[in-house]
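Q: Okay, handing you the structure first.
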Amino acid sequence: GLIKIEVVARIIVSVTNDLSTDQRVHRVCETLRENNHSILLVGRKLSSSLLILDRKYDTHRFNLRFNSGPIFYLEYTLRLFFFLLFNKSDVLLSNDLDTLLPNYLVSKLKSIPIVYDSHEYFTGVPELINQPFKRSIWKSIEKNILPKLKYFYTVNKSIAKLYKDEYGVDIKVVRNVPVKSANDTIKLREELSLPIDKKIIILQGAGINIDRGGEEAVEAMRYVDDAVLLIVGSGDVIGKLHELKSQFALDEKVIFVDKVSLSELVNYTANSNLGLTLDKPTNVNYQLSLPNKLFDYIQAGIPVLASNLVEVASIVNKYEIGEICTSHDPKELAAKINAMLSDEALYEIWKSNLQKASVELTWENEKKIVLEIFDQIA
Numbered sequence: 340g341l342i343k344i345e346v347v348a349r350i351i352v353s354v355t356n357d358l359s360t361d362q363r364v365h366r367v368c369e370t371l372r373e374n375n376h377s378i379l380l381v382g383r384k385l386s387s388s389l390l391i392l393d394r395k396y397d398t399h400r401f402n403l404r405f406n407s408g409p410i411f412y413l414e415y416t417l418r419l420f421f422f423l424l425f426n427k428s429d430v431l432l433s434n435d436l437d438t439l440l441p442n443y444l445v446s447k448l449k450s451i452p453i454v455y456d457s458h459e460y461f462t463g464v465p466e467l468i469n470q471p472f473k474r475s476i477w478k479s480i481e482k483n484i485l486p487k488l489k490y491f492y493t494v495n496k497s498i499a500k501l502y503k504d505e506y507g508v509d510i511k512v513v514r515n516v517p518v519k520s521a522n523d524t525i526k527l528r529e530e531l532s533l534p535i536d537k538k539i540i541i542l543q544g545a546g547i548n549i550d551r552g553g554e555e556a557v558e559a560m561r562y563v564d565d566a567v568l569l570i571v572g573s574g575d576v577i578g579k580l581h582e583l584k585s586q587f588a589l590d591e592k593v594i595f596v597d598k599v600s601l602s603e604l605v606n607y608t609a610n611s612n613l614g615l616t617l618d619k620p621t622n623v624n625y626q627l628s629l630p631n632k633l634f635d636y637i638q639a640g641i642p643v644l645a646s647n648l649v650e651v652a653s654i655v656n657k658y659e660i661g662e663i664c665t666s667h668d669p670k671e672l673a674a675k676i677n678a679m680l681s682d683e684a685l686y687e688i689w690k691s692n693l694q695k696a697s698v699e700l701t702w703e704n705e706k707k708i709v710l711e712i713f714d715q716i717a
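All residue numbers for the sequence shown refer to our numbering, where the first residue is 340 and numbers rise by one.
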């Protein structure tokens, strides 16, 4: 007969995004599923949302009437609260501060454990910096709940230290490292409509927003020789980047690809020659960020040009896999890019170091921390 697999725990995981491009949450859900937990991932559906086809765990997306502003958060919080209240679960996993309140309230009402994954230093995001009233609301939610949490992890040591200094809580670190890439089925450039005779510089991400260096990267292409800039993803400044492309007549030099599924993204990364991660230290959240794309570039084996942020620079320097730029001036960026792409000897050294880094910086190593947390609960 069939072997019945004993489900360890029913876990409801919640986010405010549309589930389709959140690599971190997908990896956590997969890891828990592989360890016999039953997973339901909850988010929301937008008109631009991609279909979710290849998940081996359950998903549920709310259709909301409001999709931005305070009224969106209010609607989402209420919907999530009642959803969590009336659906059976043994553990709740809340991602980021914007899902924490309903999760925390339901965990109290139903006396079930809650785990919190903070993807960033939420109250330090640029969207809140100049909004003292909004920031004070989020801060008060944070202040009232974080010190009471027993199971709490975040994306890097710097953010963990900030929370520890502020609230005296001990926090585990689970970095955004990808699953070891199985580079067996990468599409060819022709299949992706990419130029075959030029070097490709890639800037990818689900949040290509203000202060993340996109504008300067496009403008730098005026001075870059024999290469194209490939921008893959979505974000607040994409419209602005299109304008800059036409303003500087860069039709031949800048290519846009809308956000794609995680499995498709790998093809674009692996076909590139250089990866950009250019966040500016304009707010505490960016100063301490350690973005997915850095690790995606490492897994794809492409050298990195990164801005001088503490966590990012420490990885680039430790493994010697690229260069750190000290300025966002487009001409200086272009000079760095030209030098990196033309120094073949140095490029080979980076490539060989990337091999080593890609073996260490994998989800297979990182996920042990997630499993330890859930084993403690079980």
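Just so you know, even glycine gets a beta-carbon here, dropped at the ideal spot from N, CA and C.
Computed from a predicted structure; not experimentally measured.
(1) Give me the DSSP bridge partner(s) of A645.
(2) For T701, which option in L419, L389 and R514 has the closest C-alpha, if you only look at C-alpha atoms?
(3) Which residues does DSSP pair with I676 in a beta bridge?
(4) Within its chain, find whatever has a CB closer than 8 Å to the CB of H581; leave out the 5 residues flanking it on each side and keep chain order.
(5) Residues in the same chain with beta-carbon distance under 7 Å from I637, minus the five sequence neighbours each way, listed in chain order, please.
(6) Touching or not, the stretch 636–656 and the stretch 557–569, by the rule of three or more beta carbon pairs under 8 Å?
(7) If you compare alpha carbons, which of S573, L542 and I350 is closest to N374?
(8) Alpha carbon to alpha carbon, how far is D590 from L569?
(9) From the DSSP output, in three-state form, read off L467 for me.
(10) Taking C-alpha atoms, which residue in A566, V571 and L485 lies nearest to I453?
(11) Drop a sphere of 10 angstroms on the beta-carbon of P517, count the other beta-carbons inside from all chains shown, and report buried for 16 or more, exposed for fewer.
(12) Under a CB-based cut-off of 9 Å, is S697 close to chain C?
(13) May I ask you to verify whether the stretch 596–605 touches the stretch 463–475, counting CB pairs closer than 8 Å and requiring at least 3?
(14) If we require 3 or more residues per run, which beta strand (DSSP E) segments fall completely within the stretch 383–443?
(15) Spell out the partners DSSP gives A566 in its beta bridges.
(16) Going straight from the alpha carbon of K449 to that of D357, what length do you get?
A: Looking at the coordinates:
(1) T616 and I663
(2) R514
(3) BP columns for I676 are empty, so no partner.
(4) F595
(5) I660, L693, A696, S697 and L700
(6) no
(7) I350
(8) 12 Å
(9) helix
(10) L485
(11) buried
(12) Checking the listed chains, one finds no chain C in this structure; it contains a single protein chain.
(13) no
(14) 397–402 and 430–434
(15) K538
(16) 26 Å
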